[in-house]
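Here is the structure we will look at.
Residue numbers (this note's numbering): 244 to 460.
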């Protein structure tokens, strides 16, 4: 009895292509960036000073002149740098939460940079409404959109006003807080604390996004 003929099976090009599709975002690089940023934030916040020292009413006194106020401000900035930047972030967050539209616009702008440029696979072109955009066109559009959002809408004025309010609060507290009872650790590096967090976060962002950006240049 003759054996029935077997039909050869091959993978269709569409199936193979569909199985090798790259994700819309470079997941490993994005995870590394989030992990480094989170660890930097935790390390920075762990070096903040006790909050009761910041709000100690018995250590408040009006400075006699501008020279004394400036001297107090410099010392308090060195000692309470983590607390001050945390306070500035709280003021900024409160301003954004009180204006939900501006918060949504900023989140949308950040998401556009992350998903459309920084962590998008370099071998995956951006296609919108049937039109393919090059990496230079995508970068140019994002830069123009950022300038428009920050400088030509109410979002920019909201951010500037919130930062000015936060800086004013810090300057007033630093000028009135008597720093005689505060002692800086002599062995503490000059770039430690929250300033090192800012530098670490920036370097983490650059290191995580560098491969994706370099492949587009």
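Here a beta-carbon is modelled for each residue, glycine too, at the ideal position from N, C-alpha and C. All figures in this text were calculated on a predicted structure; none of them were measured in a lab.
- The segment 325-343 makes contact with the segment 284-293, as at least three CB pairs between them are under 8 Å.
- Of the candidates 321, 398, 353 and 358, 398 places its Cα closest to the Cα of residue 341.
- Residue environment for residue 295: exposed (fewer than 16 other C-beta atoms within 10 angstroms of its C-beta).
- Secondary structure note for residue 379: its alpha helix (DSSP H) is the uninterrupted segment 378-394.
- Residue pairing by DSSP places residue 375 opposite 370 in a beta bridge.
- Less than 9 Å divides the Cβ of residue 412 from the Cβ of residue 330.
- Look at residue 420 here: in three-state DSSP terms it is strand.
- With a contact defined as Cβ atoms closer than 8 Å, residue 418 and residue 338 miss out at about 23 Å.
- The C-beta distance from residue 421 to residue 304 rounds to 5 Å, short enough to fall under 8 Å.
- For the set 410, 393, 416 and 394, the Cα lying nearest the Cα of residue 332 is the one of 410.
- The residue from 307, 302 and 334 with its alpha-carbon nearest to that of residue 319 is 302.
- Taking 9 Å as the cut-off, the beta carbon of residue 316 is found closer than this to the beta carbon of residue 414.
- Residue 391 and residue 423 have their C-alpha atoms some 47 Å from each other.
- DSSP assignment within the segment 269-324 yields the following whole alpha helix (DSSP H) runs of 4 residues or more, N-terminal first: 270-288, 294-297 and 309-322.
- Put simply, the backbone Cα of residue 371 is about 13 Å away from that of residue 358.
- In terms of Cβ geometry, residue 402 and residue 393 form a close pair [threshold 9 Å].
- For residue 404, the secondary structure class from DSSP, reduced to helix, strand or coil, is helix.
- The beta carbon of residue 306 is closer than 8 Å to those of 312, 315, 418 and 419 in its chain, skipping five residues each way along the sequence.
- Bounds of the alpha helix (DSSP H) holding residue 344 are 343-356.
- A Cβ-Cβ contact shorter than 9 Å links residue 356 with residue 385.
- Note on geometry: alpha-carbon atoms of residue 350 and residue 308 lie some 44 Å from one another.
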